[in-house]
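S.K.: Residues 817 to 1080, numbered by my numbering, are exactly what the sequence shown covers, in order.
For glycine and all other residues, C-beta sits at the position ideal for the given N, C-alpha and C.
Here the structure is a predicted model, which is why all the values come from computation and not from measurement.
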Amino acid sequence: MALAVSTIVFLVPFAFIVLTASKTSADASRFEFSWPGDFVLLQNIAEVFKVRDFVIVRAFINSTTLTVSSVAVMVVLAAMMGYVVQRRTGLFTSAARMLVLAALIVPSAVVPTIWVLQALGLYKQMLGMILIEVTGGLPFCVLLCSAFVATIPRELDEAAALDGAGPLRVFFRVILPLLKPVVVTMVVVQSVAVFNDFTGPLYFLPGEENATVQATLFNFQSQTLSQWNLLFADILLITVPPLVLYLFFNRQIVEGMVNGAVKG
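As structure tokens, then:
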């Protein structure tokens, strides 16, 4: 029953997107769940690419740069922080754990964040947006890594230390390879989150040269005209990369979540 409900909830909207993206402008404006009279999906996609001098190509480059950079920094920092928080005891690690939990609860403030970015000279800059994405996703990743590290026996750390390995070598040579399932989980989940982020780039990375894929949705809506067929074709293009990523790594996502929950 749950599988059937999930199928309806996710596949029906996706089918509606594909069908609407395949229609002419007049047919798409009716918002009917029906087979298109003229199947013009490829023509609509080609038209989407031509809008505003191929802005969607630049948007895909910006979104890919933002996603890859943010997730790479996020995963490395989360793995190291999760390892320290789980293995060490003391006032510092307790405070760090509380800060991580607070970061999950306390909502972000847009205007003060803009002031900080302006003071640092990072407003409307890709580096500033990367820092925002890393800050937003890091708490969840730290908790996930910390729970997974709890399943790794401490004897491995001690054996490596007895062989003369320092803390960094223990982490990179012993612990990090064992974190592969949770690393894949973090990469996929956070890649989808960053790639699909709409409000973050809207507030902190304005400007046509900084356009991300989500911002391109504005291209096909105005007060006088809404090109629904092109809008849904754009949505289809934006949906495909995260969907493909999930289809290839869904087993690893589940494995990382379940293994991290055994002791976490």
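(1) Using the beta-carbon count (16 or more within 10 Å), is T1001 buried or exposed?
(2) Three-state secondary structure (DSSP) at S850?
(3) Under the three-state reduction of DSSP, which class applies to T1040: helix, strand or coil?
(4) Using three-state DSSP, classify N1012 as helix, strand or coil.
(5) Looking at the secondary structure, which residues open and close the alpha helix (DSSP H) in which A895 lies?
(6) When DSSP labels each residue in this structure, what does D1050 get in the three-state scheme?
(7) For K839, does the three-state DSSP call read helix, strand or coil?
(8) Could you tell me if L1063 is buried or exposed, where buried requires 16 or more neighbouring beta carbons within 10 angstroms of its beta carbon?
(9) What number of angstroms, rounded off, separates the C-alpha of V1005 from the C-alpha of P1057?
(10) Between A831 and N1045, which are expected to be in contact by the criterion C-beta below 8 Å, what is the C-beta distance as a whole number of angstroms?
(11) What do you reckon, are the CB atoms on Q1030 and P1017 nearer than 8 Å?
(12) Please determine if the segment 928 to 935 and the segment 979 to 998 are in contact, where contact requires at least 3 C-beta pairs separated by less than 8 Å.
(13) Just the Cα atoms here: how many angstroms apart are Q941 and V926?
M.R.: Based on what the coordinates show:
(1) buried
(2) coil
(3) Caution is warranted here: a pLDDT of 48 is assigned to T1040, below 50, making its placement in the model unreliable, and the coordinate value is therefore given only provisionally. In this structure, T1040 counts as coil in the three-state DSSP scheme.
(4) coil
(5) 871 to 903
(6) helix
(7) coil
(8) exposed
(9) 13 Å
(10) A831 to N1045, Cβ: 15 Å. No contact.
(11) yes
(12) no
(13) 16 Å
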